[in-house]
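These notes are about the structure you will find just below.
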Amino acid sequence: MTDDRVHPIPNLAMSPATAHWTSDAIHGGPLRRVDLDSGTNGWASPPGDLFLLRSPNYFTKRQKSPAGDYLLSPSGMDWLKSQSKLDNVLSRPDNRMAQALRQAQAQGKSLKSFIFAVNLQVPGKEHHSAVFYFSTDEPITSGSLLSRFIEGDDAFRNQRFKLVNRIVKGPWIVKKAVGNYSACLLGKALTCNYHRGPNYFEIDVDIGSSAIANAILRLALGYVTSVTIDMGFVVEAQSEEELPERLIGAVRVCQMEMSAATVVDAPNAPRGNKVNHLSENWKWGRAKKVVGIISAL
1 MTDDRVHPIP NLAMSPATAH WTSDAIHGGP LRRVDLDSGT NGWASPPGDL FLLRSPNYFT
61 KRQKSPAGDY LLSPSGMDWL KSQSKLDNVL SRPDNRMAQA LRQAQAQGKS LKSFIFAVNL
121 QVPGKEHHSA VFYFSTDEPI TSGSLLSRFI EGDDAFRNQR FKLVNRIVKG PWIVKKAVGN
181 YSACLLGKAL TCNYHRGPNY FEIDVDIGSS AIANAILRLA LGYVTSVTID MGFVVEAQSE
241 EELPERLIGA VRVCQMEMSA ATVVDAPNAP RGNKVNHLSE NWKWGRAKKV VGIISAL
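Quick note: the sequence shown uses full-length UniProt numbering, first residue 1, plus one each step.
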């Protein structure tokens with residue numbers, strides 16, 4: 001059973017000939033879309049109001065308010081495994097999300113559609129990637145904060161790309177480390193690589209870019225099957241004109257099995273330039289926030 005009570009999800013109750021191009025991506029893949037409250041080993045779409053973001057009067061009263069609907073529609077999740085790190089997955093010929101959009105556009109459909117992806121790269125003897133997809137069928141509003149983020153430079157992106165997460169279910173040690181709610185500017189805490197394609201934007205978050213995060217990862221992977229976590233992705237508002245903050249999109253990862261990963265070939269495409277290499281002064285406080293990501297992966 002799935003849960004559609006959140007926000008704009010394309011109408012998928014159609015015949016195969018007329019189905020929305022994201023239909024297979026949403027309902028297929030190594031991790032299926034599951035019930036928001038009872039699902040396991042899958043993903044769901046948590047209501048935006050579960051996340052508290054900066055309100056219109058944040059800079060005067062420091063108030064936060066429920067986030068409301070996402071800016072983009074949730075469009076699937078991939079859990080991938082490879083012999084080397086997977087960068088720029090949307091550029092791969094075998095990426096099922098990009099394939100679906102190419103096929104639709106070859107038929108003259110969805111010509112304005114755009115994919116936004118977050119690729120959390122998990123290091124190890126075998127590399128894993130948790131890739132979260134969001135999409136829109138309409139052009140992103142020119143001049144909006146999201147548009148400026150996509151079209152901006154890496155320095156701007158690193159200052160703005162924020163994860164907000166909440167532990168829905170999990171052991172005490174995870175809840176203690178992360179807290180019920182946590183926010184982290186990922187571009188400052190970890191190395192992020194940004195990839196802009198003709199109809200997509202992808203953020204690769206290298207969890208292995210910090211020795212501390214790697215150490216925490218070894219601990220957190222022991223709890224992966226007992227953790228359910230909500231993750232929301234935000235472009236941080238840093239002026240009154242940019243308020244209120246809006247969720248780009250969010251995902252609930254439900255008690256995932258490591259063995260569920262789809263094996264893909266090692267990449268041949270050149271990797272993007274890395275930015276924001278971390279110094280030796282990487283802070284433990286930020287490392288604790290990263291626990292919120294890797295505990296679910």
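From the three backbone atoms N, C-alpha and C, an ideal C-beta is built for every residue, glycine too.
The model shown is predicted, which means the values in this text are computed figures rather than measured ones.
Restricting attention to Gly68, Arg102, Thr225, Arg160, the CA atom closest to the CA of Pro171 is found in Thr225. In the three-state DSSP reduction, Trp21 falls in the coil class, being neither helix nor strand. The three-state secondary structure of Ala117, taken from DSSP, is strand. Nearest to Val122 by C-alpha distance, out of Cys184, Glu236, Leu190, is Leu190. DSSP places Arg54 inside the beta strand (DSSP E), whose first and last residues are 52-54. Excluding five sequence positions before and after Leu90, the CB atoms of its chain that fall closer than 8 Å to its own CB belong to Met97, Ala98, Ile115, Ala117, His195, Gly197, Tyr200, Glu202, given in chain order. Asp154 sits in a helix when the DSSP states are folded into three classes. Listed in chain order, the non-local C-beta contacts of Thr141 below 8 Å within the same chain comprise Ser147, local neighbours out to five positions each way being set aside.
In the DSSP assignment, Ala130 falls outside any alpha helix (DSSP H) and lies within the beta strand (DSSP E) extending over 127-136. Gln255 counts as buried, since at least 16 other C-beta atoms from the protein chains shown sit within 10 angstroms of its C-beta.
Rounded to the nearest angstrom, the gap between the Cα atoms of Leu53 and Asn158 is 18 Å.
When the alpha-carbon of Ile167 is set against those of Val264, Thr228, Ala100, Leu221, the nearest one is in Thr228. Taking all protein chains shown into account, Gly187 has 16 or more neighbouring C-beta atoms within 10 Å of its C-beta and is therefore buried. Within the DSSP secondary-structure output, Trp79 pairs in a beta bridge with Ala130.
With contacts defined by Cβ atoms closer than 9 Å, Phe134 and Ser75 form a contacting pair. In its chain, beyond the 5 residues on either side, Gly29, Val131 have a beta carbon closer than 6 Å to the beta carbon of Asp78.
Unbroken alpha helix (DSSP H) runs of no fewer than 4 residues, entirely contained in the segment 171-199, are found at 172-178, 186-189, following chain order. Val224 sits in a helix when the DSSP states are folded into three classes. Exposure of Gly143 is indicated by the presence of fewer than 16 other C-beta atoms within 10 angstroms of its C-beta.
Across the structure, Gln103 and Ile150 are spaced so that their CA atoms are roughly 24 Å apart. With 16 or more neighbouring CB atoms inside 10 Å of its own CB, Gly48 falls in the buried class. Trp21 is the residue among Arg32, Ser45, Trp21, Leu86 whose C-alpha sits nearest the C-alpha of Gln107. Annotation for Glu240: Phe59 place their beta carbon closer than 7 Å to its own, counting only its chain and skipping 5 residues before and after. By the beta-carbon neighbour count (other beta carbons within 10 angstroms, threshold 16), Ser73 is buried.
With a threshold of 16 other beta carbon atoms within 10 Å, Glu245 meets it and is buried. Taking C-beta separations shorter than 7 Å and ignoring five residues to either side along the sequence, Ser38 has no partners in its chain.
Around Arg33, the same chain offers Thr2, Ile26, His27, Gly42, Trp43, Ala44 as residues with beta carbons nearer than 7 Å, after the five sequence neighbours per side are excluded.
Per the coordinates, the alpha-carbon of Leu163 lies some 6 Å from the alpha-carbon of Ala183.
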